[in-house]
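Undergrad: Have a look at this one before I ask anything.
Residue numbers (my numbering): 71 to 277.
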């Protein structure tokens, strides 16, 4: 007799000191972004235009993440001397593919994702088997952006996709950093954070 696992009540992750959680829910979003802006510009009152630009950018980013199914967004505010170490983590809920419409298992997904700067594999985390997808900038980038296009720094991105036990959803962790020069070191950090993911039962939920 097969027993269907009970869906977890929540999950928890261990993040390094200096990572800031941006609330994505509409009712909490502005207050959370304002707290981030205040922290970033603490002790600096003579750049109101930069404060406003950061606020607008973060509100747009948080809104887009929420609309795409995002439930949590973390930004690295860690510092190395006078510099901030830029990185982010977006956690998203994804519905399982409908039967026959897409690859139905993590292994099938991984099989079709390699190449073009992408490395896909299955890894074992404390929370279960995950599809790990690393995406590096192309060695020879395409044509440079035109004046009409938004410029974005090349970045290294690592996804970890897991099936939530006893549910019809996947949990997707998407880490990203523009520090391509030290990509391997940053990816080691991402692996460690993803490896700390655990499911919580009952009342053992995180804030």
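We put the beta carbon where it would ideally sit given N, CA and C, even for glycine.
Restricting to runs no shorter than 3 residues, where is the beta strand (DSSP E) found entirely within the region 112 to 158?
TA: Correct list: 140 to 146.
Undergrad: Taking contact to mean 3 or more Cβ pairs, one atom from each stretch, closer than 8 Å, check whether the region 105 to 122 and the region 72 to 88 are in contact.
TA: No, the region 105 to 122 is not in contact with the region 72 to 88.
Undergrad: My guess is that residue 267 and residue 197 are in contact by the Cβ rule of under 8 Å, so how many angstroms apart are they, rounded?
TA: The pair is a contact, with the Cβ atoms about 4 Å apart (cut-off 8 Å).
Undergrad: I need the straight-line Cα distance from residue 87 to residue 184, nearest angstrom please.
TA: Cα to Cα, the separation comes out at about 33 Å.
Undergrad: Can you grab the Cα-Cα spacing for the pair residue 217 / residue 158, in whole Å?
TA: Note that residue 217 scores 42 on pLDDT, short of 50, meaning its location in the model is unreliable; the coordinates nonetheless yield the value given after this. Going from the Cα of residue 217 to the Cα of residue 158 covers about 27 Å.
Undergrad: Taking the C-alpha atoms as reference points, what is the distance between residue 125 and residue 234?
TA: Straight-line Cα distance between these residues: approximately 33 Å.
Undergrad: Excluding the five sequence neighbours on either side, which residues of its own chain have a C-beta within less than 6 Å of the C-beta of residue 89, listed in chain order?
TA: Once the five neighbours on either side are set aside, the close Cβ partners of residue 89 are 144 and 146.
Undergrad: Cα-Cα, which of 264, 203 and 84 is closest to residue 188?
TA: Among 264, 203 and 84, the Cα nearest to that of residue 188 is on 203.
Undergrad: Should residue 240 be labelled buried (16 or more other beta-carbon atoms within 10 Å of its own) or exposed?
TA: It is buried - the Cβ of residue 240 has at least 16 other Cβ atoms within 10 Å.
Undergrad: Contact check, residue 32 vs residue 141 under 8 Å by CB: the rounded distance?
TA: The question about residue 32 has no answer here: the residues shown for the chain are numbered 71 through 277.
Undergrad: With H, G and I counted as helix, E and B as strand and the rest as coil, what does DSSP make of residue 190?
TA: Residue state, collapsed to three classes: strand.
Undergrad: Can you check which of these residues, 106, 84, 271 and 80, is closest to residue 92 by C-alpha distance?
TA: Here the closest residue by C-alpha is 106.
Undergrad: How would you call residue 224, buried or exposed, if buried means at least 16 neighbouring beta carbons within 10 angstroms?
TA: Residue 224 comes out exposed.
Undergrad: For residue 185, which three-state DSSP category applies?
TA: Strand at residue 185.
Undergrad: Straight-line CA distance for residue 155 to residue 148?
TA: So the alpha carbons of these two residues sit roughly 5 Å apart.
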